[in-house]
Every structure is written in C-alpha cells, then in structure tokens.
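Residue numbers (the numbering used here): 1 to 282. We treat Cβ as the ideally placed atom computed from N, Cα and C, and that holds for glycine. Predicted, not measured: the structure shown is a model, and the values here were computed from it. Structure, as structure tokens:
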RNA sequence: GCGCCGGUCGUAUAGUGGCAAUUACACGACGCUGUAAACGUCGCGACCUUUUGGUCUUCGUUGGUUCGAGUCCAACCCGGCGCA
C-alpha cells in the first residue's frame, strides 16, 4: 500500500508551511484540498500559498478553474485522485493539504461521485417547491438516496433529484477500492492563539491588496452575485467582518474533523513533522 | 420647559389584558455521500422533571387598576426628534 500524507486542520494553523517542509524532506508533491483555492485569481482572500513559499515544490489543484464558473466536489475528487496516482508513478509521495473536510473525505474514503452538471432549467422548476414536495419526487426517482438524505435540506434534495434524473436508475457502487494508506495529521491551535493568528492574517490580507484583487475579479467579469458565493472576503469585506466570519468558519471546520478519530492532532508543526517522518519510515 | 415617539432575552425586532414572550442575527450542540466558508436539524432566563410537565425570576424604575399587566393608569429616570 502506498503511503499518502494528509495534512488538515483549521485555517491559519500553518498547514501549507508544514506541507512544504515535509515535501522537501521526503521528496513529495502537494495536492491542495481547498474549495476556493482551485480558482484562478482568488489568492489573497483565500490565503493561497505564493510561488515563493512553495520553494519549488509542485502544487496541484490550485488555480485550475475560472472563478466565473462553479466547481464541484466530484471534479475535485477526479483531479485529486489522478494527481495522486501520477505523483506515485513518479516515485514521489503525495501530500494532501487543506481545510475543506468534505473534499478530503471524498478522496480518502473513495466515495463514488459521478459527474453530473448543473441543470438550470430543472433547478428553476424545483426551487419553487417545498422540501416535503422535493422529497416525494426524490423518493420516486431514487429511493436508495431518499433513505439517507436529510429530507428537510432543500439544497441537497435538489441536487439529488438532478443526479437521479441524469443517471436514471442505474445501480451504482458507493465506494471504489483504494490502495493508499493515508497518514492523517491535524494541526490545531487553542482558541486564543487561533484568534490572534486569524487577526494577523486578515490584517495582512488587506495590506496585500484584497480590495484590489476584488477589483480585478470584477474587471475579469466575475459578477457580484458570484463574488458573494466565493466567500465573505469577496463581498464588501471589512476587517471586523472577515475576522469574525473566519473564526466562525474555523469552528465549523473543527466539527467536521472531530468525527474522524484517526486523525493525529498536533499544536506544534515541528512535532507533527517529526511524527510524520517516523510514520513514513515504518 | 412644552409636544411627540421610544426604552423587551448579546444585538436588532414582534407583541395593546392570559406570555417565559415573536422573528432575524449572533452564540452553542449536532448532521452532512453530490454547490461544503454552502446547506440542514435542535437548543438558547434559571432550576427541577420521564412528559404535551412543574417552580421561580424577567419586558427602564417605583407604585396603582385588575382574578390576571410587557400590554392599561400615575410619577420618575434615560434616549431620539420637533418647538422653544
């Protein structure tokens, strides 16, 4: 079984830095696991690693799509899995690094996610319906999915119906085989320290020209509505707003990660580094 | 000083005689196998309780009317606007 390193954790805990360090040491390449860093031009606001900080280590799944267009987990998964395979073929070690738990899980757990594009016409139709009505439709189309889905979650119901309509009733496997051993490493900071880090980071964002970045995105044709979707940094951001929202987000990240008991948590990146080396030597 | 409006659970609000009291945000817990910084569910005065349950303390302050007051009345305090 090929080993793959996984570095996850809350925002601003130093994941990218640790990833580069370990990559240098063990001849690795990095696969980003961040739902927003996949977009070109979202650099400052997403805290994307700079060319200089990469120190020559190849990074995958950064800047792969135009922000005008949407991106989905399914696409992420496809790209990440093929990147992983290629890196191993080159005799190197993949390091998945990021804070989007859902993206990470689809890669690590080998969930099957066929690509189904958004169907705007269908969506417009479904949007007017209540969750209860949507649930009835889904039950008819795909009773298996209806069994697991949250019957009150409109957004997910619509997506499930969209998928069921596109794929029909073809039975599909839930999980594909994985030949990787994931070494799960988490970085976390106590609340007060995390807060300071976030404040520092946000201050730097504005200094580095967040507002300018937004202006450029607009110039490139990204609509206001789209910007709002891309995150709170991109829609009328103020220092206070971004700090408080980021804090909130960091908390949510943790509730996701908490569920995976196999993650080994560290406060200090250097002890995480040491532990990772030991794991690879095994 | 006169006139008007207003002071409600962290904030913003609803509530004109039966209310521990609406909604939103924030906050907390949880879920998440398909847009994930999204989305959903639950909780949010205190204490007790197996419960559609009980007790206590709350709507600026003090007093009054009433079986019953956030709601009506009086005085006072604070804020906004208008006239002086």
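Annotation for residue 163: 116 place their beta carbon closer than 6 Å to its own, counting only its chain and skipping 5 residues before and after. Look at residue 50 here: in three-state DSSP terms it is coil, with no helix or strand label. Apart from sequence neighbours up to five positions away, the residues of its chain that approach residue 92 with a beta-carbon distance below 7 Å are 27, 28, 29, ordered along the chain.
Per DSSP, the unbroken beta strand (DSSP E) holding residue 95 starts and ends at 93–98.
For residue 116, the secondary structure class from DSSP, reduced to helix, strand or coil, is coil. Between the alpha carbons of residue 33 and residue 101 lies a gap of roughly 8 Å.
For residue 180, the enclosing beta strand (DSSP E) starts and ends at 180–187. Beta-carbon to beta-carbon, residue 77 and residue 106 are separated by about 5 Å, close enough to satisfy the 8 Å threshold. Judged by beta-carbon spacing, residue 62 lies beyond the 8 Å limit of residue 79, meaning their Cβ atoms are not closer than that value.
Between the region 5–19 and the region 186–203, the count of Cβ pairs shorter than 8 Å is three or higher; the stretches touch. Excluding residues up to 5 positions away in sequence, 179, 180, 181 lie with their Cβ nearer than 7 Å to the Cβ of residue 1 in the same chain.
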